[in-house]
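Written out below as structure tokens is the structure these notes cover.
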Amino acid sequence: MTQCVLFTADRQQTTVHSSQPTYLNFKPFLLWLVVKKGIIRPNKILRGFENLIKILEVLKTPTNMKTFRYGEEQLTASIALGLARKEIQGVLSPSAIQKVNQSAAAVAEIAAGERIVYGINTGFGPLCTSKISAGDTQLLQDNLLKSHAVGVGEPVENEISILMLVLKGHALAQGFSGIRLETLERILWMIAEGIAPVVPIQGSVGASGDLAPLSHLFLPLIGAGKVSYRGEVIPTMVLLEKLGKSPLTLGPKEGLALINGTQFMAAHGVKVIERLHRLLSHANLTGALMIEGLLGSIAPFSDELHRLRPYSGNLHVAKTLYLLLKDSEIVTSHANCSRVQDPYSLRCMPQVHGASWNAYLHLKQTLEIEINSVTDNPVVFDANHTISGGHFHGQPIALPLDYATLAASEIGNISDRRIYLSIEGNTPGVPKLLLKETGLNSGLMIPQYTTAALASENKGLCFPASADSIPTSLGQEDHVSMGSISARKALRVIDNVEKILGIELLYAAQAMDFHAPLRSGKILDAIYRSIREVIPTLEKDRILYEDMETAITLVKSGSLLALAHQVADETGAPYQTEWTSLFDY
């Protein structure tokens, strides 16, 4: 709860209590404050513009909101998402401000001198030998943004656009890019206000930075381009006039500092981390449900077995499956059955799911290095020491992103195999096509066509974009990473696999129906019952795509994971493993 003291025109004091203000707009001497539970009307006139600014800052930032110091603290995927979603407030500390100012002063000194330094008083790329006069420096920066904003296609999601701002802000705040404080503060202001530049999704080759998308991202700094603001896409100048802001005049090197870097790839990577973690966690749940439905053995998930091949992902999956299944009445019911071993799609989940967890971990660790790095060029150490290198090259994250794409696809492959296994009719008590009366009814024959199609589509998307390179920039950029394509493909594959896992939920729940009244362990039983609350048992043919959409929504929303944690907390049922924190992002 935020508390703020206001003064009316007749200097009477009034106190405002606000919980998470959702809209703040102000002009001198006038305050509109709209909160979730009511409106404070503009009859409270404030005397003194400085006092107004201070009050607004208090109101905009709940006292319990976590803060993150740009340029100083270690950024993670979850913190980056928190900043983009306004769950964490980003700030600049005095020491970060000092570093930024020192770097900007060094660039200004170079620009005013005679020494030629790439990107400060020269052209760019193949024009690096062209000397630029001090008087043309500002025009050079504007031209750089305008000429490089050549993206095409649909715009990226607003959250990815904001994430790009977050990641670039953190890199610039480290004080090696020559950016001015005024420019950096404008970027952070855009994040705080939820202003998402319109960035086309195609056009980056992931080498000399994500040049095209970053140019679109920062056109609004000079009053150009379009932005998405409160659900509306409008020209930047319209919004700036509405909010009482003027376009910036960029200084030496600022244009290059803004558009050199890997923030398009990395922002997509942050989303890959979030969604892949959720996907893999769901795969453990759907797989465990299918083991119950198909009377699979718990023995292959024993800890002593997997200690002999101790990959972290394998150990985590095996322990998770064991914990979910160990108190199941269904497992106990067939403990002494004659089946020697299960098909691989059941028995080898720790090895297959675990390998994908290992790939996820590699991406997470790589991405954390990337989003805490300086990736523009040249790097400014001081006025006498600059280095033109290649930190903008996306190869370090392009390869792990392609690896993660394959990891996600394999989860879809094995899920589709479990789905097919469930309709074969080889499990005692579980009928073919998961329906007792077939012939007139097709049961769950056809949804597996959809999972097969999705799995096949993913295989085509798994060709590594980073295996390709096409020279650009008149041969100056003669090797490129294509990491932006890697990142976009990873999200497409994850989206497809979320659909496959949702469909697997349908099949697993239907298979478990035939084992009633036996119940699973506490967590799986709660998940099974939550599925049945929204998707009834299939007893005869009906339109299935609606059930499929409902199941897919359960996966995409993360509600089943939340339920699993809730049941674990309330009942004490074990769910977390000793490797859980290793995979947290």
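Counting from 364, one number per residue, gives the positions in the sequence shown under the working numbering.
In this text, a Cβ means the ideal position worked out from N, Cα and C, and glycines have one as well.
Computed from a predicted structure; not experimentally measured.
**Message:** Quick check on R670: does DSSP put it in helix, strand or coil?
**Reply:** coil
**Asked** Among G614, I554, D739, E604, which residue has its Cα nearest to the Cα of N464?
**Response** G614
**Message:** My assumption, with CB atoms under 8 Å, is that V694 sits in contact with L688. Please give the rounded CB distance.
**Reply:** 5 Å
**Prompt:** Excluding five sequence neighbours on each side, which residues of the same chain lie with their C-beta closer than 6 Å to the C-beta of H754?
**Reply:** T738
**Prompt:** Thinking just about the alpha-carbon of each residue, which of V454, V562, S578 is nearest to the one in V596?
**Reply:** V562
**Prompt:** Should R345 go down as buried or exposed, given a rule of 16 or more other Cβ atoms within 10 Å for buried?
**Reply:** No statement about residue 345 is possible, as the shown extent of the chain runs from 364 to 948 and does not include it.
**Message:** Could you check whether L643 and W552 sit closer than 9 Å to each other, using their CB atoms as the reference points?
**Reply:** In this structure, W552 sits away from L643, with a CB-CB distance that is not shorter than 9 Å.
**Asked** Using the rule of at least 16 other Cβ atoms within 10 Å of the residue's Cβ for burial, across every protein chain shown, is Y891 buried or exposed?
**Response** buried
**Request:** In the DSSP assignment, find the beta strand (DSSP E) that holds G453 and state where it starts and stops.
**Result:** 451–454
**Asked** Are the beta-carbon atoms belonging to L817 and L868 less than 9 Å from one another?
**Response** No, Cβ-Cβ distance for L817 and L868 is not below 9 Å.
**Prompt:** Excluding sequence positions up to five away, which residues of its chain have a Cβ less than 6 Å from the Cβ of D765?
**Reply:** Here the set comprises P827, S829, S849.
**Request:** Would you give the residue range spanned by the beta strand (DSSP E) that D765 belongs to?
**Result:** Note, D765: premise wrong, no beta strand (DSSP E); alpha helix (DSSP H) at 758–785.
**Message:** Tell me which residue opens and which closes the beta strand (DSSP E) that Q565 is part of.
**Reply:** 563–565
**Prompt:** Can you tell me the Cα-Cα spacing of K608 and L455, whole angstroms?
**Reply:** C-alpha separation (whole angstroms): 21 Å.
**Message:** Can you list, in chain order, the residues of its chain with a C-beta nearer than 6 Å to that of K903? Leave out the 5 residues immediately preceding and following it.
**Reply:** N804
**Prompt:** Counting along the chain, where does the alpha helix (DSSP H) carrying R549 start and finish?
**Reply:** 544–556
**Request:** Decide if the stretch 668–677 is in contact with the stretch 744–760; the criterion is three or more beta carbon pairs, one per stretch, under 8 Å apart.
**Result:** no
**Asked** Which whole-angstrom value is the C-beta distance of I866 and T790, which I expect to be below 8 Å?
**Response** Wrong, their Cβ atoms sit about 18 Å apart, outside the cutoff.
**For S591: DSSP bridge partner residues** = A559, V596
**Request:** Could you work out which residue in G541, Q504, D505 is closest to I473 when comparing CA atoms only?
**Result:** G541
**Asked** In whole angstroms, what is the alpha-carbon distance linking V793 and N859?
**Response** When only Cα atoms are considered, V793 and N859 end up about 28 Å apart.
**Three-state class that DSSP yields for Q498 in the structure shown** = Note on identity: in this sequence residue 498 is Gly, with Gln being the wrong assignment. DSSP places G498 in helix when its eight states are reduced to three.
**Asked** Quick one: what does DSSP say I307 is sitting in, helix, strand or coil?
**Response** Since the first residue of the chain shown is 364 and the last is 948, residue 307 is not available in this structure.
**Asked** What first and last residue would you give for the beta strand (DSSP E) that runs through D745?
**Response** 742–745
**Prompt:** Taking Cβ to Cβ, would you say P610 is nearer than 9 Å to H579?
**Reply:** no
**Request:** Verify whether the separation of the beta carbon atoms of A761 and M653 is less than 9 Å.
**Result:** no
**Continuous beta strand (DSSP E) stretch holding E655: start and end** = Unbroken run through E655 is the alpha helix (DSSP H), 626–656; no beta strand (DSSP E).
**Prompt:** Do the CB positions of S778 and G572 come within less than 9 Å of each other?
**Reply:** no
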